[in-house]
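In the working numbering, the protein residues as written are 1 to 284.
Idealized CB from N, CA, C, for every residue including glycine.
For clarity, every value in this text was computed on a predicted model and none was experimentally measured.
One structure is given below, encoded as structure tokens.
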Amino acid sequence: MLARPAVDLHTHSSLSDGTERPAVLMAAAAAAGLDVVALTDHDTWDGWEEAAAAVERTGVALVRGAEISTSAGGISVHLLSYLHDPAARGLGTAVARARDSRLGRARRMVERLALDFDLTWAEVEALLEPGGTVGRPHIADALVARGYVTDRSAAFTEILHAEGPYYVRYDAPDAAAAVELVRRAGGVPVMAHPRAGARGRVVEDVVIEEMAAAGLAGLEVDHRDHDDGARAQLLDLASSLGLFVTGSSDYHGTGKPNRLGEHLTDPAVLEQIEAEGYLPVVRP
Ligand code: AMP
Ligand code: FE
Ligand code: FE
Ligand code: ZN
Numbered sequence: 001m002l003a004r005p006a007v008d009l010h011t012h013s014s015l016s017d018g019t020e021r022p023a024v025l026m027a028a029a030a031a032a033g034l035d036v037v038a039l040t041d042h043d044t045w046d047g048w049e050e051a052a053a054a055v056e057r058t059g060v061a062l063v064r065g066a067e068i069s070t071s072a073g074g075i076s077v078h079l080l081s082y083l084h085d086p087a088a089r090g091l092g093t094a095v096a097r098a099r100d101s102r103l104g105r106a107r108r109m110v111e112r113l114a115l116d117f118d119l120t121w122a123e124v125e126a127l128l129e130p131g132g133t134v135g136r137p138h139i140a141d142a143l144v145a146r147g148y149v150t151d152r153s154a155a156f157t158e159i160l161h162a163e164g165p166y167y168v169r170y171d172a173p174d175a176a177a178a179v180e181l182v183r184r185a186g187g188v189p190v191m192a193h194p195r196a197g198a199r200g201r202v203v204e205d206v207v208i209e210e211m212a213a214a215g216l217a218g219l220e221v222d223h224r225d226h227d228d229g230a231r232a233q234l235l236d237l238a239s240s241l242g243l244f245v246t247g248s249s250d251y252h253g254t255g256k257p258n259r260l261g262e263h264l265t266d267p268a269v270l271e272q273i274e275a276e277g278y279l280p281v282v283r284p
């Protein structure tokens, strides 16, 4: 049994690198026993409408969110935004730019890969939703389909990691500037998996301090990519900077082992997010 109400604030649909349509994800959230779920696709909120339409049927409340691609000193930083105004121009322009840059970057990565693997852009493109956000996971899935690796995780560790010869960077706004954009859009900014070192380099505390000065609201602490030491250190940092903490699954459907509800957020923190956010939570 999950604690009540069970709140999971970080999930992905097929509009980015999850494997399920938003409506399917909402049904999966109900089956997992969640009461509240946030849809946080990378650099897009095109999945909100479909997810919101499933709230009544599934009985699961929806927090409309996104995971914004940002960077600090060349290190990739993921910034969750909750309940922002989807029409806000600054944030909308920033994510549209990141999506564009991600597309050119994915094509260049496939060009590099094609020197060593039988792989074409068409195979990757076939895995994308129209207008969705492309990422390395889609390239990973194409490599899996070709039989070069067994799953996404192996594709990352063996072929697609940031230190490898096929990696290409993409343009994303500075992390502290993105925090300001989220706030100006009425969103509540929370730094995603700040110490997830297994996926690449992570930023120093000073970057988190700069983000806090720019208006950061919270840190995602309970996440499968954080060990106990990382969680303890992040709890200290959050309390010294006056930030709240969240816990979430970072569910990607069958694309990752992460299970819905494997980490949860205190309902009191959700209340604070809703009090600070522009949009309401969509409730059944
Ligand atoms: P990208 O934003 O295109 O550079 O790809 C990063 C995305 O790949 C993240 O959002 C994760 O969903 C996924 N990812 C990162 N590291 C791994 C890994 N080691 N195994 C599986 N998926 C990963
Ligand atoms: Fe992802
Ligand atoms: Fe992330
Ligand atoms: Zn995520």
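Simplified DSSP state of residue i, which is helix, strand or coil
i, result
"SER239", "helix"
"HIS78", "strand"
"PRO189", "strand"
"ASP227", "coil"
"SER14", "coil"
"VAL149", "coil"
"ASP205", "helix"
"THR254", "strand"
"VAL281", "coil"
"VAL7", "strand"
"ASP174", "strand"
"TRP121", "helix"
Contact test: residue i Cβ vs ligand 2 heavy atom, cutoff 7 Å
i, result
"ASP17", "yes"
"PRO137", "yes"
"HIS223", "no"
Residue i: CB within 7 Å of a non-hydrogen atom of ligand 3
i, result
"GLU67", "yes"
"HIS161", "no"
"HIS263", "no"
Residues that residue i bridges to, as DSSP identifies them
i, result
"THR246", "GLU220"
"LEU39", "ARG64"
"ALA72", "ILE75"
"VAL179", "Answer by DSSP bridge pairing: none, since VAL179 is not bridged."
Contact set for residue i: own chain, Cβ-Cβ below 7 Å, skip 5 residues either direction
i, result
"GLU262", "ARG224 and SER249"
"GLU209", "LEU241"
Cβ shell of residue i (< 6 Å), same chain only, five flanking positions each side left out
i, result
"VAL281", "ALA61, VAL63 and GLU274"
"ALA32", "LEU260 and GLY261"
"GLY253", "GLY18, THR19 and GLU20"
Any non-hydrogen atom of ligand 4 closer than 7 Å to residue i Cβ
i, result
"ASP250", "yes"
"ALA192", "yes"
Item to check | Contact between the region 45–62 and the region 19–30 (3+ Cβ pairs under 8 Å) | outcome: yes
Checklist entry - Would you call the region 137–154 and the region 69–77 in contact, with 3 or more CB pairs under 8 Å? => result Verdict: no, contact absent.
Checklist entry - Is the region 98–115 in contact with the region 185–196, if contact means three or more CB pairs nearer than 8 Å? => result no
Next on the checklist: For the pair the region 151–161 and the region 63–73, tell me if three or more CB-CB distances fall below 8 Å.
Outcome noted: no
Checklist entry - Are the region 119–130 and the region 82–100 touching, with three or more C-beta to C-beta distances below 8 Å? => result no
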